[in-house]
Structures are given as C-alpha cells and as structure tokens.
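Those letters in the sequence shown? Residues -19 to -1, 1 to 183, per mature numbering (1 follows the signal peptide of the UniProt record, and there is no 0), in order.
We treat Cβ as the ideally placed atom computed from N, Cα and C, and that holds for glycine.
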Amino acid sequence: MKKLIILLVYLFFTTENFAQMISNIDQISPFHDNLAAVKKDGKWGFINNDGVLVIDYRDDLVLSNLPDANFLYPVFKDGRCLIKKLVDNKYFFGYINRLGETVVNHQFLNATNFFNGYAIIVQFTNDTIGYNKVLKKAVIANKIEEYIINTNGDKEAYLYNIRTYIPSELTIQLPPSIRSKFIAPNLVAVKKDDYTWSIYKL
C-alpha cells in the first residue's frame, strides 16, 4: 500500500511538472528572436520559450529558406516577421511585430528579413513620360527600385538599381528578384544591369 501511494504521488508531480502545452503540430522551426514558428493545418503561428502560442495560426506569413532547417518557415528578425497579401495579381509585402500586429503595411513588391535593424525592399513606381495623341492617353513608365528600410518601414537609403517592370493583369505575378544583399552590418552589395557589383556603406 505504501509503494502504491508513493507511485501515485510521483505520477501526480511528474504530470504537473510536464504539462502538454500544444499538440498536433505538423512542423516546428528553430527559435529566432525567442520565437519558434509552428505549423498546423497548413497555417503558421509562433510559440515563445515557454511553449505558449503567442501569435495564432495564420496564412499570410512569408516562408524563408534558412540554413538551420531543411524546410521553409516564417521567422522573426529584429522583432519583425514578413507577411504578404495578394492584390490585383501581385503580392505585396509588409511586416508584423511580436504581438502579431501589422507595423509596416503591405506596400513592397518584395522584401527581405531584417538584418541588424535593416531590410531591403523592392518598391513599384510609375512616371508619366509623355502623352499619346492618337490613343489620347498618358505614356507611363513602370519601374521598380530597391531601398533599405528600418524596422518602422522608413527609407534609410536608395540602392541605385532602378529597372523596368511590367505588371501582369492576367496571372499571379511572382515577386521581382532582389539584387542587393547585406554583406556586413553596415555594408550592402548591389548588383547592376551589367552584372557588376557596387558596395555601399550605411
């Protein structure tokens, strides 16, 4: 009888100290910024270091290919995580904070994760460059440009690699590539049209 009581007390305290926090997860990523991405039923959310789901499952998180796992998953860097939204056959990117709140609205055609407080974004612009008298309409030049932004979404630097962009009205258009990359906390390499590189200091 005494052994039975000891066993029951042991099982009680073992169960209490090893409570199940979350179950039926399809995938879980490594931790970044003290948050790990968890996938369930095709959607992703985030848990904290205590195993608590702090950002509920959602389908707008952008998946990244990082070297610490053999699958794609969303990630927090510098307190920001990429999100995307499909508008008029084009994806627009923005960022949420650690509370799941949108802090940088969907406004970029492509964007990177943050690195030491900065990210690289691709922004769409169009300029009126003339007027077609026959068609009676303005001639528009569609372009994309790359910038460096801070965690508030403010532009910090222009990366001097403007190029032509033709929006699609028929099919979902893949995001344009990002030609620039961080090579150090304060250095950015920018690939030009002639395939040479320029290096800029923040």
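**Asked** On the premise that I64 lies in contact with D41, defined as a C-beta separation below 8 Å, what is that separation, rounded to the nearest angstrom?
**Response** The residue labelled residue 41 in the question sits at position 60 within the sequence shown. The residue labelled residue 64 in the question sits at position 83 within the sequence shown. So it is a contact: roughly 5 Å between Cβ atoms.
**Item:** Nearest residue (CA-CA) to F129, options L151, N86, K182
**Value:** What you label residue 129 is simply residue 148 of the sequence shown in a count that begins at 1. Just to set this straight, residue 129 is Ile in the shown sequence, not Phe. Among L151, N86, K182, the Cα nearest to that of I129 belongs to K182.
**Message:** Please report the straight-line C-alpha distance between A92 and G23, rounded to a whole angstrom.
**Reply:** By one-based count along the sequence shown, residue 92 stands at place 111. By one-based count along the sequence shown, residue 23 stands at place 42. If I take the Cα positions, the gap works out to 23 Å.
**Item:** Proximal residues to T152 (C-beta, below 8 Å), its chain only, five neighbours per side dropped
**Value:** The count along the sequence shown starts at 1 and reaches residue 152 at position 171. The answer, listed in chain order, is N70.
**Request:** Output the distance between the C-alpha atoms of I147 and G81, rounded to the nearest integer angstrom.
**Result:** Here residue 147 refers to the residue found at position 166 when the sequence shown is read from its first residue. Here residue 81 refers to the residue found at position 100 when the sequence shown is read from its first residue. C-alpha separation (whole angstroms): 33 Å.
**Message:** On the DSSP bridge list, what partners appear for Q154?
**Reply:** The residue given as residue 154 occupies position 173 in the sequence shown. In the DSSP output, where bridge partners are listed per residue, Q154 has K71.
**Prompt:** Should Y72 and P156 be called a contact, given that it needs their Cβ atoms to be closer than 8 Å?
**Reply:** Indexing the sequence shown from 1 puts residue 72 at position 91. Indexing the sequence shown from 1 puts residue 156 at position 175. The answer is yes: Cβ separation under 8 Å.
**Message:** In the DSSP assignment, the beta strand (DSSP E) including I147 goes from what residue to what residue?
**Reply:** Reading the sequence shown from its first residue, position 166 is the one you call residue 147. No beta strand (DSSP E) holds I147; DSSP gives it neither H nor E.
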